[in-house]
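Read through the structure below, which is laid out as structure tokens, and then see the notes.
Protein chains in written order, with our numbering: chain A, 94 to 498; chain X, 94 to 498.
Given below as structure tokens:
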């Protein structure tokens, strides 16, 4: 029998207990042994829950039980979750989590703690919910230099953007409907301002750089709250949809990453990704382009990924064999290029009267006319981010946004 | 230093050597040690190749070298590859392969041999080329009962079908062009008759059933050689494309699998998958639906997956920790339902004059009119395969095909 404990019995934590129960036989066959939840550590009681008898408020009881070799951290946030994760790893208990904030904020320290104590820290569920992406990126693509990642990694914002486009509603109205349908929280800031996507990109970029930690703070981030219905409708006129993308690039000049709304062209595999679905495109220098698609959130999909990690954590693996190993660069400076120094593809739009000004301003770049009917728009490739505002602000009535193709 | 040997220096084998050289630093960082090709075992010489000095024709030299802990089998086929794989595993040397025929034919025996000798047998590249699918299915989805797999797993046939549709050419002409462009072999039988897809489905189904081996012989298989341009054009009229799909279903009544051309509806995530690209949809009972998409073949993409496995095989893992473990059921009978007993969704088409006959024949099923203009077509859901021919053959001029939505 393999015993585990669940810390934090909210949506994902209770989903973990449910998945373990629902697929008990299949899991026992896979592991070669039964996997049993011995404790559920939470401040609350859960009267009437089928797991009620497992609930304890006594953290010491759980941490001091030598039978518990794996602990699930589904508390969320970076306070108690951080303390409990450190305590578990220090005791040599492996920790499995869906907590993107904690991994993105304290990943290097926690992974090192795991290594020192011959246990592991796994976080497949922290990005893409149930979609396998962490292990494929870390393990299957290990032979590749990852040259690009572009992902729709936040279901809430994709749901809002899909609703604005399909039903012609404003951002404010779409957000309200998302809240009413349970797809956005009462305080939606982390989702709509791109902070959730920023954390996930920190994780993906750190793996893509084979463990060189990219802190969230160095990721230039713009959310969707400033988007208007006009932006969405304009996208349709140039054969695009607006999507919030988390982007990592790794070229000869260095790596860069940012989160921002993009016009995504219809030829892209990300174009058809709607509603709460997530999709992540990864390009490796040997692999070429691969895409991972599915439900990026939700109780059972996310729990599915957590339990997948549990089944790895209970295996008798020589410590450190597959350990994730993130290190902060010794100069403590940033890892990726400053946003202003990286190059982008953008769309510039302006009133028809300013068409010649737009053409003149971007004459030295690779461009393509996107629209010349009612207003004027240009696809511009290879422009350094720091130059964009200067160029655009000189043109009467002009606006711009990132583009993905 | 970790030493490996490559057996068979064809397209994939030479790609493996190239990827190891191209990404040497990244790989050394990931493994924490250098990975070096010590021998290339092949009957041929490769004068002028940068790897010429590693080539040997002496199998004994390679097998007897205790420094070689991992061997790459990129020979292909199930004869010499089978002998060499058995020999390596018997000596406790892990084997990594892209050989779908060998895995599908002798998987259970080879995996058992690996287990007995404390080494591993890995085959990520055998399905989907560079696309991570074997490890995600085996590991990330371990907590799920896999209820469905539907995949475009053969790039050659998808290229031919895409060409027929886009350019209105016949099957014969599209095949010739695929051969001219290097996407189909001189003898295209394994691809166009679905045998390659059948082998890949054998592998996917065996993993989905957590190691209960589904032999290729029990997979009912129809290829694309009997398709006409009229079939392809008809698909467009009902909002579909024709795709060769490998399908696994696992319901309460048992599991079933088959390979056949399908009308794929435009609402499906498989609809936009064109040319030589592969895509595999996996549905888990906790995860829901996820899709894996990318280049299903090609030298470097396939080598990328092989090298990913090499990096796992050189790690100091306790034997058997993540071993694949396929077993032949003790009754030695078939694992999945006979094809005739499984249920399908189909499209039935007939001349307009037979519309009433079609409706009457399928009145007891869930149906939906697909076309009633020029000819008549019906989507029919939940029909047992064994009943289809009987029903259709009674209607003047009627034809049918599987449908995916």
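Quick reminder that beta carbons are idealized off the backbone N, C-alpha and C, glycines included.
Quiz item: By how many angstroms is the C-alpha of residue 370/A removed from the C-alpha of residue 210/X?
Solution: 44 Å
Quiz item: Whole beta strand (DSSP E) runs in the segment 430-468 of chain X with 3 or more residues, listed along the chain?
Solution: 436-444, 459-466
Quiz item: In chain order, what residues of the same chain lie with their CB nearer than 8 Å to the CB of residue 465/X, ignoring the 5 residues before and after it?
Solution: 445, 448
Quiz item: Smallest Cα separation from residue 304/X: which of 224/X, 340/X, 252/X, 200/X?
Solution: 200/X
Quiz item: If you drop the 5 nearest sequence neighbours on each side, which residues of the same chain put their C-beta closer than 7 Å to that of residue 407/X?
Solution: 95, 124, 128, 162, 163
Quiz item: Are residue 372/A and residue 384/A close, meaning C-beta to C-beta below 8 Å?
Solution: yes
Self-check item: Proximity to residue 332/A [Cα-Cα], best of 470/A, 311/A, 484/A
Solution: 470/A
Quiz item: Is the CB-CB distance between residue 271/A and residue 253/A below 8 Å?
Solution: yes
Quiz item: Is residue 187/A helix, strand or coil when you go by DSSP?
Solution: strand
Practice problem: Name, going along the chain, the residues of the segment 382-410 of chain A whose beta-carbon falls closer than 7 Å to a beta-carbon of chain X. | Solution: 382, 383, 384, 385, 386, 387, 388, 393, 394, 396, 397, 398, 400, 401, 404, 405, 408, 409, 410
Quiz item: From the beta carbon of residue 105/A, is the nearest beta carbon of chain X less than 8 Å away?
Solution: no
Quiz item: Just reading off the alpha helix (DSSP H) that residue 260/A is part of, what are its end residues?
Solution: 248-260
Quiz item: Run through DSSP, which three-state label would residue 383/X get?
Solution: strand
Quiz item: For residue 312/A, which residues from the same chain have a beta carbon less than 7 Å from its beta carbon, with the 5 sequence-adjacent residues on both sides left out?
Solution: 291, 294, 295, 350, 351, 352
Exercise. Please name the residue in 111/X, 325/X, 275/X whose C-alpha comes closest to that of residue 263/X.
Key: 325/X
Self-check item: Min CB distance residue 102/A to chain X below 8 Å
Solution: no
Quiz item: Should residue 495/A go down as buried or exposed, given a rule of 16 or more other Cβ atoms within 10 Å for buried?
Solution: buried
Quiz item: When burial is assigned at 16 or more other CB atoms within 10 Å of the CB, is residue 112/X buried or exposed?
Solution: buried
Self-check item: Identity of the residues DSSP links to residue 192/A by a beta bridge
Solution: Per DSSP, none; premise fails for residue 192/A.
Quiz item: In angstroms, rounded to a whole number, what distance separates the CA positions of residue 265/A and residue 104/A?
Solution: 26 Å
Quiz prompt | Own chain residues within Cβ distance below 7 Å of residue 215/A, not counting five before or after | solution = 189, 402, 405, 406
Quiz item: Are the C-beta atoms of residue 293/X and some chain A residue less than 8 Å apart?
Solution: no
Exercise. May I have the straight-line CA-CA distance separating residue 355/X from residue 336/X, to the nearest angstrom?
Key: 5 Å
Quiz item: Would you report the Cα separation of residue 360/X and residue 346/X, rounded to the nearest angstrom?
Solution: 27 Å
Quiz prompt | Members of the segment 229-249 of chain X near chain A, C-beta cut-off 8 Å | solution = 229, 232, 233, 234, 235, 236, 237, 238
Self-check item: Cα-Cα separation, residue 119/A to residue 218/A
Solution: 20 Å
Quiz item: Does the beta carbon of residue 211/A come closer than 8 Å to any beta carbon on chain X?
Solution: no
Exercise. Just tell me which of 195/A, 157/A, 479/A has its CA closest to the CA of residue 433/A.
Key: 479/A
Quiz item: Are the C-beta of residue 94/A and some C-beta of chain X separated by less than 8 Å?
Solution: no
Quiz prompt | Nearest residue (CA-CA) to residue 109/X, options 441/A, 477/A, 487/A, 380/A | solution = 380/A
Quiz item: Which of helix, strand or coil does DSSP assign to residue 412/A?
Solution: For residue 412/A, the pLDDT reaches just 48, beneath the cut-off of 50, and the residue's location in the model is therefore unreliable, leaving the point undetermined.
Quiz item: According to DSSP, is residue 167/A helix, strand or coil?
Solution: coil
Quiz item: From the DSSP output, which residues share a beta bridge with residue 376/A?
Solution: 241/A, 382/A
Exercise. Could you tell me whether any Cβ in chain X is nearer than 8 Å to the Cβ of residue 301/A?
Key: no
Quiz prompt | Which of helix, strand or coil DSSP assigns to residue 127/A | solution = coil
Quiz prompt | residue 115/A - containing alpha helix (DSSP H), residue span | solution = 104-115
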